[in-house]
Each structure stands twice: as structure tokens, then as C-alpha cells.
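The structure appears right after this line, and notes come after that.
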Amino acid sequence: MSWLSYSLIAKLADWGIRGHMGTLFGLLNQLLLLAVALLLVTIIVRGYRMWWQRRPTRGATWALGRPPLRGGIARAPLPGVIVLAVVAVAVGWFLPLLGITLLGFLAVDLISGALRRRTGPR
Numbered sequence: 051m052s053w054l055s056y057s058l059i060a061k062l063a064d065w066g067i068r069g070h071m072g073t074l075f076g077l078l079n080q081l082l083l084l085a086v087a088l089l090l091v092t093i094i095v096r097g098y099r100m101w102w103q104r105r106p107t108r109g110a111t112w113a114l115g116r117p118p119l120r121g122g123i124a125r126a127p128l129p130g131v132i133v134l135a136v137v138a139v140a141v142g143w144f145l146p147l148l149g150i151t152l153l154g155f156l157a158v159d160l161i162s163g164a165l166r167r168r169t170g171p172r
């Protein structure tokens, strides 16, 4: 069976595997994968660094630190919010498990905000 007789889905799967393995476009593909790997490492290290800077220094051993202020999206410029919403919907569409998790997080955030408004500030 030759590659030309593959269905479109089989060709896309083959291209995806070759791209992921770094054999699709040779050195250029490998350099792109290296850049993605370095960016991921950078994001992870910076995330730990941000946590370390915000970590609680007093109180309970398992304290989580102060949360960010509520209403950040409401204060953001409208074009940025629209772009963020479109990207979130696209990511949720193509990666359903991530989209379900994102919807769950959004629901918990909206419920906690409504409860906080209802009970008043602490």
C-alpha cells in the first residue's frame, strides 16, 4: 500500500507523528522542537519563581498565599478580552479535556465570586 493511497486522516496522522518526532522537515523541524522545549522549561521555571516570590512566609504550613485581585478581565481592554475568549474557545474545541477543565475552573470562579459578593467582604 503506497502513501498516495492513504486517506486524508491517515496522511494527517502520519504528518503529525513525523512532525512530533522531528523527521518531517529535518533540521528545521528539530530546531523548532528544541525551541518549544526550551520555552516550556522557561515557563515552568518562571512559574515556580513567581510562586516562590508570592509564597506565604508566616502562618500555617500549608498556606497558599494571597490570590490575585478579582475583576481583572473586567478591567482589561475589550479587544484583548475578545481575543482571549476566541483563543479559549478554540483551544477548548481542539483539546476537549482542557476545555472541560477550563469550563470547570470558570464555573468555580464565578460561583465563588457570587458567594463572596453575597456574603460581603471579609
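Going letter by letter, the sequence shown gives residues 51 to 172 in this note's numbering.
C-beta: ideal position from N, C-alpha, C; glycine also.
What you are looking at is a predicted structure, and each value in this text was computed from that prediction instead of being measured.
For Thr73, there is no enclosing alpha helix (DSSP H), since its DSSP letter is neither H nor E. Within the same chain, Cβ atoms closer than 7 Å to the Cβ of Leu152 are found at Ala138 and Gly142, the five residues on either side in sequence being excluded. Inside the stretch 86–156, DSSP marks no whole beta strand (DSSP E) run of 3 or more residues.
Here Gly163 really is in contact with Arg120; their C-beta atoms are around 6 Å apart, less than 8 Å.
Rounded to whole angstroms, Thr92 and Gly122 show a C-alpha spacing of 25 Å. For the 9 Å CB-CB criterion, Trp65 and Leu74 form a contact.
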